[in-house]
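A quick write-up on the structure given underneath.
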Amino acid sequence: MVVGDTMKALVTVGDATFKLQDIKIPTLSAHEVLVKVHAVAQNPTDCKTDANDTSTVLTQTKGNLLLHPRVGNILGCDFAGTVVDSNGTGLRNAGDRVAGVVHGGISPNGAFAEYVAVDAALLIDIPDDMTFENAAQLGVACFTVCQSLYQCLDLPTPLSPTSTPEDILIWSGTSATGQYAVQFAKLAGLRVLSTASAKNVDFVRSLGADEVFEYADSRTPKRIVAATGGTLKYAVDCICEGMTPNQVSMSLGKDGGTIATLLPYQSRRKGVKTVFILAYSALGKAVEFPFPFPQSTEHYENAKGYCKLISEVIATGKIKPVPLRLYPNGLASVKDGFEDMKTGTVHAEKITYRISDTPELQGQ
Ligand SMILES: NC(=O)c1ccc[n+]([C@@H]2O[C@H](COP(=O)([O-])OP(=O)(O)OC[C@H]3O[C@@H](n4cnc5c(N)ncnc54)[C@H](OP(=O)(O)O)[C@@H]3O)[C@@H](O)[C@H]2O)c1
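Heads up, the sequence shown is in full-length UniProt numbering, so the first residue is 1 and it goes up one at a time.
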């Protein structure tokens, strides 16, 4: 396929705004392939990246102040599409249907665009019977789940399930990450405890959770302790805000345990270890924004294995995607999607955009 020089993309223009612009298609590094994007999914991180209302961001890393340009970056992390240039990597062929993650919002390579440059070793295969819309949500959620359950907690995977079910708490089985965590943990033979609002308790049970508690009920940590006989050692906190750091810590057993956290915090409870997970660290580069995180070869090597694992698990057809909330106008709808996410109207759904629905791209 012949690809032109420019593409449409959602580009940051400063003052926390972004516009659909014509810009250069990203140049490929030696290990990257070019993917034509068909559908993208929205994550809270996209809104947080956009939320900076100055044209630059200052962060402090090892005592040095760093200046990040907030103009000319492409938004979006999660994508699904087709490889159009395998760039001689030998890992992918033109036409492969793939999903994955890029660190959108910080450079002129992001998912909310017609094309994205991606590390050829970090792509998930999309099964023939899965739509691009459903596949677009796999990257951030499944990388985060693998880092939490395997890299941090060293638990069994669905490809080698255990016959001695350990208990695990997935706090927020309705969040996008939590929905995948519940399903991966259950398929691995674990006994899954989770939380939801009252109206979503049955939904989280339908994903395979053995016990689901209401997160707003102050008795929930005590009930989890009772349900696990005070022996719970493993948890993933998919919210990490407000009361949850305390609620999750208090749910663990008397000997404490480990919590994989999606935002950084320390537990105040003795014997409880918290490990901050950052999906971007899978990309193998040091991260400065939204949280400083050192470059980790180990995380990168793990992520290559996770892509194979995720591809195999998804191919079984046993994982239910997060219910879609598809917006009508592709990239032109992203402003509405951001507003809806920021005002808290997203419940157990994945905001998704189909690139070809963008009015400016119709008729091309
Ligand atoms: N570190 C990383 O690499 C990483 C990766 C992914 C996400 N994150 C972060 O993790 C958080 C979740 O992201 P996400 O995309 O998975 O979430 P999401 O899909 O946006 O989460 C929405 C759900 O959260 C539930 N919820 C809200 N407050 C809750 C509480 N106190 N306890 C339990 N559930 C609660 C709501 O459930 P109800 O509908 O039942 O009310 C809602 O359905 C965000 O802060 C995100 O930035 C970090």
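Beta carbons: idealized from backbone N, C-alpha and C, even for Gly.
- Around the CB of G95, fewer than 16 other CB atoms lie within 10 Å, so the residue is classed as exposed.
- Shown here, S194 sits in a strand according to DSSP, grouped into three states.
- From the listed residues L263, L262 and T231, the smallest Cα separation to K254 is found for T231.
- Annotated three-state conformation of T45 is helix, per DSSP.
- Under the three-state reduction of DSSP output, D85 falls in the strand class.
- In terms of side-chain proximity, the C-beta atom of N302 is found no nearer than 7 Å to any non-hydrogen atom of ligand 1.
- About 5 Å separates the beta carbon of P158 from that of V313, a gap short enough to meet the 8 Å contact definition.
- For secondary structure counted as the beta strand (DSSP E) over 3 or more consecutive residues, the segment 71-136 holds these complete runs in sequence order: 71-74, 78-85, 97-101 and 115-119.
- One thing to note: E32 has its Cβ within 8 Å of the Cβ of A120.
- Nearest Cα to V35 within the set V83, G110, K285 and A209: V83.
- Contact between Y353 and A39 holds: their C-beta atoms lie close to 7 Å from each other, under 8 Å.
- In this structure, P44 has its CB closer than 7 Å to one or more heavy atoms of ligand 1.
- With a cut-off of 7 Å, the C-beta of V346 is classified as near ligand 1, since at least one heavy atom of the ligand falls inside that distance.
- Between the beta-carbon of F143 and that of V101 there is about 6 Å, and that keeps the pair under the 8 Å contact cut.
- N43 counts as buried, since at least 16 other C-beta atoms from the protein chains shown sit within 10 angstroms of its C-beta.
- Taking a contact to require three or more Cβ pairs closer than 8 Å, the segment 162-175 and the segment 273-292 do not qualify as touching.
- Rounded to the nearest whole angstrom, the C-alpha separation of R92 and V116 is 15 Å.
- At a Cβ-Cβ threshold of 8 Å, Q137 and D78 count as neighbours.
- Secondary structure note for Y234: its beta strand (DSSP E) is the uninterrupted segment Y234 to D237.
- Shortest gap from the CB of S249 to any heavy atom of ligand 1: 7 Å or more.
- Taking all protein chains in view, the Cβ of K222 is surrounded by fewer than 16 other Cβ atoms within 10 Å, so the residue is classified as exposed.
- Measuring C-alpha to C-alpha distances from D5 to each of A176, F18, D22 and T17 identifies D22 as the nearest.
- When secondary structure is reduced to three states using DSSP, E360 falls in the helix class.
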